[in-house]
Structure formats: C-alpha cells, structure tokens
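**Student:** In the numbering used here, the protein residues as written are 52 to 430.
1. Could you compute how far the alpha carbon of residue 166 sits from the alpha carbon of residue 174?
2. Below 8 angstroms, how does it come out for the segment 287–300 and the segment 346–357: are there three or more Cβ pairs, yes or no?
3. Starting from residue 413 and walking both ways along the beta strand (DSSP E), at which residues does that stretch end?
4. Tell whether a beta-carbon distance below 9 angstroms holds between residue 393 and residue 375.
5. Of all the options 106, 168 and 335, which has the alpha carbon lying nearest to the alpha carbon of residue 356?
6. Based on DSSP bridge pairs, tell me the residues matched to residue 160.
7. Relative to the alpha-carbon of residue 404, which residue among 377, 101, 319 and 425 has its alpha-carbon at the smallest distance?
8. Check this for me: beta carbons of residue 287 and residue 271, under 9 angstroms apart or not?
9. Across which residues does DSSP place residue 103 in a beta bridge pair?
10. Looking at residue 396: is its Cβ nearer than 9 angstroms to the Cβ of residue 370?
11. Would the beta-carbon of residue 308 fall within 9 angstroms of that of residue 337?
12. Taking buried to mean at least 16 other C-beta atoms within 10 Å of its own C-beta, is residue 101 buried or exposed?
13. Taking C-alpha atoms, which residue in 183, 267, 104 and 345 lies nearest to residue 133?
14. Ordered along the chain, which non-local residues of its own chain (more than five positions away) have a Cβ less than 6 angstroms from that of residue 135?
15. Which whole runs of the beta strand (DSSP E) in the segment 335–380 are 3 residues long or more, in chain order?
16. Measuring CB to CB, does residue 187 end up less than 9 angstroms from residue 157?
17. What separation, rounded to the nearest whole angstrom, lies between the Cα atoms of residue 91 and residue 213?
18. Terminal residues of the continuous alpha helix (DSSP H) containing residue 326?
19. Kindly give me the distance between the Cβ atoms of residue 159 and residue 123, rounded to whole angstroms, as I take these residues to be in contact under 8 angstroms.
20. Can you give me the Cβ contacts of residue 113 inside the same chain, cut-off strictly under 6 angstroms, excluding the 5 residues immediately before and after it?
21. Once you ignore the five residues that flank residue 208 on each side, which residues in its own chain have a CB closer than 6 angstroms to its CB?
22. Assuming residue 307 is part of the beta strand (DSSP E), what are its boundary residues?
23. Should residue 161 go down as buried or exposed, given a rule of 16 or more other Cβ atoms within 10 Å for buried?
24. Are the beta-carbon atoms belonging to residue 256 and residue 194 less than 9 angstroms from one another?
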C-alpha cells in the first residue's frame with residue numbers, strides 16, 4: 052500500500068534528524084499516479100535537502116525525472132556529494148526515441164558535488180553543477196553517432212567546465228562493431244596544446260578513432276588510465292607515433308598498445324621517440340610490426356620506459372627471440388629500470404620444438420610469467 056509506505060518513510064526521515072541522508076528513488080514509485088507521487092515524494096524529502104549526501108534516481112521515465120528536477124529548482128543541496136540519474140531506457144535507443152533527451156540547465160545548487168552520473172539523459176554541461184566535479188560518467192547510445200568534430204567539442208567542453216575532473220567516462224550501450232574504418236594519414240600536430248592536469252582516468256566509447264580529433268591539441272600529464280571501445284587500454288596506430296614523439300601527451304600513462312604496419316611502415320621509424328615519451332608505462336603491447344622495426348623497438352626498450360613490467364608482442368611478422376633475450380638481460384643489469392615480470396609473445400616465432408623449450412626455460416629463470424605462442428600452440 053503506497054500510503055503506508057510513505058508513512059513509514061516519513062517516520063524514518065523524522066527520526067534521522069541530525070544525520071545526512073542518502074536518497075534513492077526508483078521507477079516503481081511512478082507506476083501509477085505519477086504526478087501525485089512526485090508531489091508526495093518531494094513533500095516527504097524536500098524539506099530536508101540540506102541534509103542530502105547522495106541522490107540516486109534509478110530507471111525512472113524522463114518526464115518524471117524532469118518533474119523531480121523542477122521541484123529542486125532554486126534550492127541549495129549544500130551537502131550533496133553524489134548524484135546518479137538513470138532514465139528508464141538505460142541509455143538504449145530505438146527508432147521511436149533515437150536521441151537522448153536533455154534536462155537542460157539544472158537549476159539547483161550543489162557546491163560539494165563530486166560525482167555525477169547521467170545515463171539515458173544529458174544536461175546543459177555549462178550548469179554550475181559541473182564546475183567542481185571529481186568524476187563524471189555519461190552513458191547513452193547517442194554517443195556512438197558522434198563524428199570527430201562533435202566528440203572533440205564535447206570532450207573539450209566537459210574538461211573545461213570541470214577543471215578538477217579526475218575521472219571521465221563517456222560510454223555507449225551499443226556493442227562495438229567488429230570492423231571499424233581506420234584512418235591512414237598523419238594527425239596534424241597542434242603547437243598550442245591545452246593541458247588537463249587533474250585527469251587520471253579517461254574512458255571513451257566513441258566508435259572508430261574519434262578521439263583523434265582532440266589528441267593533437269591536448270596533454271594529460273597525470274593520466275594513468277586511458278580506455279577506448281570497452282577495451283582495457285588504448286590502441287594507437289603508426290600515424291599517432293609523431294604525436295607521441297613530439298607532444299608526449301601521456302607521461303603518466305600505465306598501459307598502451309601500439310600497432311605498426313609491416314606492409315606500410317611509414318611512421319614506424321618514429322616508434323623510438325614515441326616510446327621515450329611514455330616514461331611511466333608499466334604494460335606495453337607492440338602489435339603487427341615488421342622484424343626490423345620490432346628489433347629496433349626491443350633494443351630501445353632495454354633503456355626506455357623505466358617502469359615497464361609487462362611486454363606483449365602480438366602478430367608481428369617475425370620475432371627475433373635473441374633480441375628479446377637481450378632486452379630482458381639489459382633491464383636486469385641497468386640501474387634505474389625495472390626488470391620484466393611478464394612476457395607474452397603471440398606468433399612470429401619460428402623455432403623447432405627443442406629450441407623453443409630451451410628458450411622458454413631461459414626466460415623463466417629471469418621473468419616471472421612467460422608465454423610463447425607459436426602457430427602450433429602454447430609453450
């Protein structure tokens with residue numbers, strides 16, 4: 052019985068005087084008599100907004116979210132630290148509702164708000180709510196349709212409106228397509244880069260290489276984690292190497308995958324300079340490099356990337372395991388660099404079985420975790 056539930060909640064709120072409140076509202080409250088229920092809910096909790104510590108609106112229809120926000124217009128939620136708004140669609144779009152609906156300007160004040168999550172809805176990103184955020188999470192299918200200029204503008208606006216932002220996630224609910232069109236020309240290098248010194252965690256779910264639109268003009272000196280397309284790290288291709296070499300946009304990044312092109316290695320010769328700008332890197336994947344370019348990279352890695360702990364070599368045309376041995380040995384002897392703890396080689400190995408067994412034994416004496424994968428299987 053809704054009336055009895057409201058009475059129980061009223062009793063709880065009354066007894067909580069002097070304590071901060073964590074408010075949670077879900078879609079069940081609006082199954083019937085939505086307008087009356089909004090009035091009842093806000094009549095119950097509205098007088099106590101100065102005690103709200105968090106507000107969660109979970110899987111509620113957009114029009115009811117709009118009503119709840121309107122009731123908060125002009126109010127000051129002085130202790131609010133976390134706000135989560137999830138529209139009933141969960142961010143999935145269909146032909147009837149192809150676009151994400153906007154709450155517009157959020158007209159209430161929350162000076163201590165640090166974490167904001169919007170799923171299935173957007174808001175005017177120049178609202179004061181965005182100014183002091185530490186974490187921002189945006190989820191909707193709409194972002195999958197963003198072209199590079201729109202994505203660039205969105206990221207630029209969010210980072211400028213929230214100068215203290217540490218974590219930014221922009222996620223699509225659609226599955227990532229198996230095939231994506233990859234550009235094959237160099238990125239323009241921007242002399243006037245903008246630095247975002249607070250950001251430590253960035254996850255972008257735009258399709259393809261939409262992030263190419265802002266990388267040439269941005270620097271992230273504290274960024275430790277950069278994930279794209281739902282993957283655990285970012286993959287950059289040969290045309291990014293001049294950018295990494297010249298701008299060094301990720302000096303604090305911990306994990307990255309770099310992809311070459313053995314049939315068109317136009318930019319691979321800049322790999323050495325690209326690696327030199329990744330001073331904090333702990334996990335590196337080198338993928339699809341020719342034998343020559345990979346050999347050069349392995350020699351460089353004996354001294355660069357001083358914090359490197361894990362190395363994966365994937366689908367390179369041919370891996371010279373003597374060069375890998377030299378890398379492992381060098382990092383054990385050189386001061387100021389860490390020893391490798393994890394080594395993965397996927398394909399590109401051409402040894403007979405006994406040579407492979409002996410080679411793996413050599414590595415196991417020096418590297419904690421070793422996997423060698425040939426065309427015939429794992430060793």
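Using N, Cα and C, we set each Cβ at its ideal position, and we do this for glycine too.
**Tutor:** Taking the geometry as given:
1. Within the model, the alpha-carbon separation for residue 166 versus residue 174 is close to 15 angstroms.
2. In short, these stretches do not touch, since the Cβ pair count stays below three.
3. Segment 404–415 is the alpha helix (DSSP H) holding residue 413; no beta strand (DSSP E) there.
4. Going by C-beta atoms, residue 393 is not nearer than 9 angstroms to residue 375.
5. Checking every option, the nearest Cα to that of residue 356 belongs to 335.
6. BP columns for residue 160 point to 127.
7. That would be 425, whose Cα lies nearest to the Cα of residue 404.
8. Not closer than 9 angstroms, so no.
9. Under DSSP, the beta-bridge partners assigned to residue 103 are 72.
10. Taking 9 angstroms as the Cβ cut-off, residue 396 and residue 370 qualify as a contacting pair.
11. Closer than 9 angstroms, so yes.
12. Residue 101 should be labelled exposed.
13. When 183, 267, 104 and 345 are compared, the shortest CA-CA separation from residue 133 is found for 104.
14. Only 107 and 168 meet the Cβ criterion.
15. Correct list: 361–365.
16. No, Cβ-Cβ distance for residue 187 and residue 157 is not below 9 angstroms.
17. C-alpha separation (whole angstroms): 34 angstroms.
18. Boundaries of the alpha helix (DSSP H) around residue 326: 322–327.
19. Cβ-Cβ separation between residue 159 and residue 123: approximately 4 angstroms, consistent with a contact (criterion under 8 angstroms).
20. Closer than 6 angstroms at the Cβ level, and outside the excluded window around residue 113, lie 138 and 152.
21. Within the same chain, and ignoring the five residues on either side of residue 208 in sequence, the residues whose Cβ sits closer than 6 angstroms to its Cβ are 176.
22. For residue 307, the enclosing beta strand (DSSP E) has its first and last residue at 306–310.
23. With a 10 Å radius around the Cβ and a threshold of 16 neighbouring Cβ atoms, residue 161 comes out buried.
24. Taking 9 angstroms as the cut-off, the Cβ atoms of residue 256 and residue 194 count as close.
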